[in-house]
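Notes to accompany the following structure.
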Amino acid sequence: MPFYEIIEKDEAGNVTATYVRDDAVGKKGAGAGGERVDVIDSLQAFSSSIAGMLASRAILEGVGVGDSTATPTTALLLSVIQTSVGQIATILFAHRLGTALEPECKMYRLAADVFNDTAMVLDCLSPAFPKSIRVAVLSFSSCLRALCGVCAGSSKASLSAHFAHKGNLGEVNAKDSSQETVISLLGMLAGSLVVSQITSPLATWGTLILLLTIHLATNYAAVRAVNMHCLNRQRANILFSNMFQHGLVLSPRDVSQRERVFERGGVLRWSDDKVLGRCSIGVPLQRLLNRLGTPHQQTGSLTLKSMQISDLLEVFANESLHIIAGPRLPTKR
Numbered sequence: 001m002p003f004y005e006i007i008e009k010d011e012a013g014n015v016t017a018t019y020v021r022d023d024a025v026g027k028k029g030a031g032a033g034g035e036r037v038d039v040i041d042s043l044q045a046f047s048s049s050i051a052g053m054l055a056s057r058a059i060l061e062g063v064g065v066g067d068s069t070a071t072p073t074t075a076l077l078l079s080v081i082q083t084s085v086g087q088i089a090t091i092l093f094a095h096r097l098g099t100a101l102e103p104e105c106k107m108y109r110l111a112a113d114v115f116n117d118t119a120m121v122l123d124c125l126s127p128a129f130p131k132s133i134r135v136a137v138l139s140f141s142s143c144l145r146a147l148c149g150v151c152a153g154s155s156k157a158s159l160s161a162h163f164a165h166k167g168n169l170g171e172v173n174a175k176d177s178s179q180e181t182v183i184s185l186l187g188m189l190a191g192s193l194v195v196s197q198i199t200s201p202l203a204t205w206g207t208l209i210l211l212l213t214i215h216l217a218t219n220y221a222a223v224r225a226v227n228m229h230c231l232n233r234q235r236a237n238i239l240f241s242n243m244f245q246h247g248l249v250l251s252p253r254d255v256s257q258r259e260r261v262f263e264r265g266g267v268l269r270w271s272d273d274k275v276l277g278r279c280s281i282g283v284p285l286q287r288l289l290n291r292l293g294t295p296h297q298q299t300g301s302l303t304l305k306s307m308q309i310s311d312l313l314e315v316f317a318n319e320s321l322h323i324i325a326g327p328r329l330p331t332k333r
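So for the sequence shown, the UniProt record's numbering puts the first residue at 1; every next one is plus one.
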């Protein structure tokens with residue numbers, strides 16, 4: 001179908017209006033798994049809202065609701081501690097993960113839900129701990145939610161840009177936010193009924209586990225349904241290994257079907273998914289020198305094993321990268 005677009009400009013040449021055939025624009029994510037993602041995303045948000053209400057009830061119980069010895073000041077101080085820990089964790093996580101979030105948006109989108117669900121489990125466990133330990137448990141839960149917020153917010157921005165067509169990123173975000181609001185509202189209404197009917201610990205945990213299982217399963221299905229059109233390390237590895245082996249250029253859908261949501265960093269695979277080794281990009285010079293030589297225990301000087309560093313620099317004199325092949329380098333965790 002041909003794409004028609006009419007642009008109106010004023011006397012200064014500024015664009016004042018753009019008219020596009022709506023059937024040519026298509027729906028959100030057309031051809032990239034968008035329709036399926038919308039349905040699955042609604043299911044996961046609905047189940048998460050109900051599970052969140054169960055966790056909220058446990059938090060209120062933990063801070064002393066129903067306990068005659070609890071004071072409002074204690075509950076307020078606990079809330080301040082949780083909020084402060086979460087805000088500090090948000091800053092640290094954003095600094096640590098900032099550059100890795102966009103290329104691995106699918107992985108971090110699913111990881112965000114794992115962190116959030118783990119936080120809900122800790123919230124439900126918190127009333128069983130003594131008050132002194134309960135503060136640490138709820139603070140750790142707040143850290144997990146902060147990590148969820150960093151991962152989910154950044155990955156959502158990348159995925160929204162992927163689904164947007166012809167510069168309608170703002171429209172996609174607005175409609176997605178409206179959809180989330182409606183689903184969350186329905187989830188709270190259903191959660192109010194669930195919370196009022198389920199009071200025993202066994203029923204609470206059974207319902208919570210069921211809801212979290214649905215939440216993670218639907219999120220995994222949603223992430224798998226997205227066919228990214230840009231390359232990261234893993235997708236580039238899949239694309240070029242098949243091109244070198246079979247002379248075929250895979251489509252984004254084919255690459256997505258072979259892509260792992262959680263892949264070890266730096267792993268190199270061939271077209272048959274066999275692991276060839278690991279690739280570390282941007283290795284510090286100290287690690288490279290330790291790989292090439294043996295450090296002296298007292299002076300810290302290096303005795304090179306097989307080649308001089310000058311020979312290596314001469315080989316890559318006209319290159320911006322230096323490549324070394326050998327046993328796996330030690331990595332910092």
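Here a beta-carbon is modelled for each residue, glycine too, at the ideal position from N, C-alpha and C.
Local conformation of residue i per DSSP, three classes
i           : result
Leu250      : coil
Lys131      : helix
Lys106      : helix
Val275      : strand
Val114      : helix
Glu171      : helix
Arg287      : helix
Arg269      : strand
Lys9        : strand
Ala164      : coil
Ile198      : coil
His95       : helix
Cys124      : helix
Val315      : helix
Met188      : helix
residue 400 : Here the chain has residues from 1 to 333 only, and residue 400 is not among them.
Leu208      : helix
Leu138      : helix
Arg158      : Rather than Arg, the amino acid found at residue 158 in this sequence is Ser. DSSP places Ser158 in helix when its eight states are reduced to three.
Leu76       : helix
Ile281      : coil
Ala70       : coil
Phe262      : coil
Pairwise C-alpha distance: residue j and residue i
i           : j      : result
Asp123      : Val137 : 8 Å
Leu288      : Ala317 : 17 Å
residue 373 : Arg233 : It is not possible to answer for residue 373, since the shown part of the chain is limited to 1 through 333.
Asp41       : Phe115 : 17 Å
Ile59       : Trp205 : 15 Å
Val283      : Ala236 : 20 Å
Ser69       : Thr199 : Looking at the sequence itself, residue 69 is Thr, so the reference to Ser does not match. Taking the straight line from one Cα to the other gives about 22 Å.
Ser155      : Asp311 : 43 Å
Arg260      : Gln179 : 28 Å
Asn227      : Leu248 : 18 Å
Glu102      : Pro72  : 42 Å
Leu125      : Gly64  : 14 Å
Exposure label - residue i; buried when at least 16 CB within 10 Å
i      : result
Asp243 : The residue you asked about is not Asp; residue 243 is Met in the sequence shown. Label assigned to Met243: exposed.
Gln197 : exposed
Glu319 : exposed
Gln82  : buried
Lys274 : exposed
Ala203 : exposed
Ser177 : exposed
Leu76  : exposed
Val223 : buried
Ala128 : exposed
Pro252 : buried
Val39  : exposed
Gln44  : buried
Phe46  : buried
Cys230 : exposed
Presumed contact (8 Å Cβ cut-off) between residue i and residue j, rounded CB distance
i      : j      : result
Gly86  : Ala146 : 4 Å
Leu169 : Leu54  : Actually they do not touch by this definition, with Cβ atoms about 35 Å apart.
Leu212 : Ala51  : 6 Å
Exercise. Would the stretch 160-175 and the stretch 86-95 be scored as touching if the rule is three or more Cβ pairs under 8 Å?
Worked result: no
For this session: Evaluate the contact criterion for the stretch 208-219 versus the stretch 130-145: three or more CB pairs, one atom per stretch, below 8 Å.
Result: no
For this session: Evaluate the contact criterion for the stretch 141-152 versus the stretch 184-197: three or more CB pairs, one atom per stretch, below 8 Å.
Result: no
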